[in-house]
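Q:
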Amino acid sequence: MNKMLFTSMLCLIAACACSESNSASPNSGGSSGSGATGGGATGGAGGSGNTGGSGATGGSAGSNTGGSAGQTSDGGAGACGYADGTATSNLAINEISAKGDDFVEIVNLGSVSADLSGMVLADQDDTGCPKLTEALTFPSGTSLAAGERLLIVAGQTGASNDPQTDCLNGPASCFHVGFGISASNGDGVFLISTTTIVASAALPIDAVTDGQTWCRLPDGTGDFAVCAPTPGAANAAP
Numbered sequence: 000m001n002k003m004l005f006t007s008m009l010c011l012i013a014a015c016a017c018s019e020s021n022s023a024s025p026n027s028g029g030s031s032g033s034g035a036t037g038g039g040a041t042g043g044a045g046g047s048g049n050t051g052g053s054g055a056t057g058g059s060a061g062s063n064t065g066g067s068a069g070q071t072s073d074g075g076a077g078a079c080g081y082a083d084g085t086a087t088s089n090l091a092i093n094e095i096s097a098k099g100d101d102f103v104e105i106v107n108l109g110s111v112s113a114d115l116s117g118m119v120l121a122d123q124d125d126t127g128c129p130k131l132t133e134a135l136t137f138p139s140g141t142s143l144a145a146g147e148r149l150l151i152v153a154g155q156t157g158a159s160n161d162p163q164t165d166c167l168n169g170p171a172s173c174f175h176v177g178f179g180i181s182a183s184n185g186d187g188v189f190l191i192s193t194t195t196i197v198a199s200a201a202l203p204i205d206a207v208t209d210g211q212t213w214c215r216l217p218d219g220t221g222d223f224a225v226c227a228p229t230p231g232a233a234n235a236a237p
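Following this line, the structure appears as structure tokens:
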């Protein structure tokens, strides 16, 4: 009887101990170990790509500036093998007629007489240069007083270099020349002293019609324009 009681008491004590142990330590799962901190190995910084060398800078192309072309049909000095003396000359081509009676008028814009002896008056060839085959060569002693005009009647077959009196009802004396002046093709007139062009003028294609000439307005000094024919006299608008 005592043995049984003792055994029962032991069992009761053991049961109480187990109950206390269970309430003191609830069955919470074991605290999981903090995961291993991943290695923070920083990957090697990628090498910066090779910087390509800057392309070779091409040398600047040489400036191939062509020489200025010589004038043609209005003082074709450079291209035609003549020096250009028009800027310093007092002589000027003042009027050109190519419709009706062909003629050229020269004027002396200077304050002293101008000697024309040996000078040549020519029209232009197909290249725009002076055509000497039908040119007029002024005889020795030919001169123009200051402000004076000289009329040259063109298109006169077999003309000599001597002064003439058939002067289109203009001045008492003039010169004749064999070449004609073309309005439909355009033309140019040159006054040449040896190897220098001292005066020149161009007649543009179809610039004038019947009863008109191509002259400087104002007279002697202005640009060329359509005019009324005034051979040997002051220029006038049509």
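With the first letter of the sequence shown counted as 1, position 152 gets the number 151 in numbering that gives the first Met the number 0; the numbers rise by one all the way through.
Quick reminder that beta carbons are idealized off the backbone N, C-alpha and C, glycines included.
Note that the structure is a prediction, hence the values are computed from the model and not measured.
With DSSP collapsed to three states, give me the class of Gly-187.
A: If DSSP states are grouped into helix, strand and coil, Gly-187 belongs with the strands.
Q: Have a look at Thr-194 and Ala-171 and give me their C-alpha separation to the nearest angstrom.
A: The straight-line gap from Cα to Cα measures roughly 31 Å.
Q: I'd like the list of long-range same chain contacts for Ala-113, defined as Cβ closer than 7 Å, with 5 residues on each side in sequence excluded.
A: Excluding positions up to five away in sequence, the list reads Asn-89, Leu-90, Asn-107, Ser-142 and Leu-143.
Q: Assign Cys-79 to one of three DSSP states: helix, strand, or coil.
A: In the structure shown, Cys-79 sits in a helix (DSSP, three-state: H, G or I).
Q: Going by alpha carbons, who is nearest to Thr-136 out of Asp-122, Gly-146 and Gly-127?
A: Nearest option by C-alpha distance: Asp-122.
Q: Taking the C-alpha atoms as reference points, what is the distance between Ala-233 and Asp-218?
A: Their Cα atoms are separated by approximately 6 Å.
Q: Please classify Asp-222: does DSSP put it in a helix, a strand, or coil?
A: Three-state result, Asp-222: strand.
Q: Pick helix, strand or coil for Ile-180, following the three-state DSSP scheme.
A: Coil.
Q: Out of Ile-204, Thr-164 and Arg-148, point me to the one whose CA is closest to Ile-180's CA.
A: Closest option to Ile-180, Cα to Cα, is Ile-204.
Q: Return the CA-CA distance between Leu-120 and Gly-177, expressed in angstroms with no decimal places.
A: Those two C-alpha atoms are separated by around 11 Å.
Q: Here's a check: name, in chain order, each residue in its chain whose Cβ is nearer than 6 Å to the Cβ of Ala-206, leaving out the five neighbours to either side.
A: Result list for Ala-206: Trp-213, in chain order.
Q: So which of Pro-162, Asn-93, Ala-235 and Pro-230 has the shortest CA-CA distance to Gly-169?
A: It is Pro-230 whose Cα lies nearest to the Cα of Gly-169.
Q: Would you mind giving the Cβ-Cβ distance between Leu-167 and Asp-100, rounded to the nearest angstrom? I have them listed as a contact below 8 Å.
A: Rounded, the Cβ-Cβ distance is 5 Å, consistent with contact.
Q: DSSP on Asp-114, reduced to helix/strand/coil?
A: Three-state DSSP puts Asp-114 in a strand.
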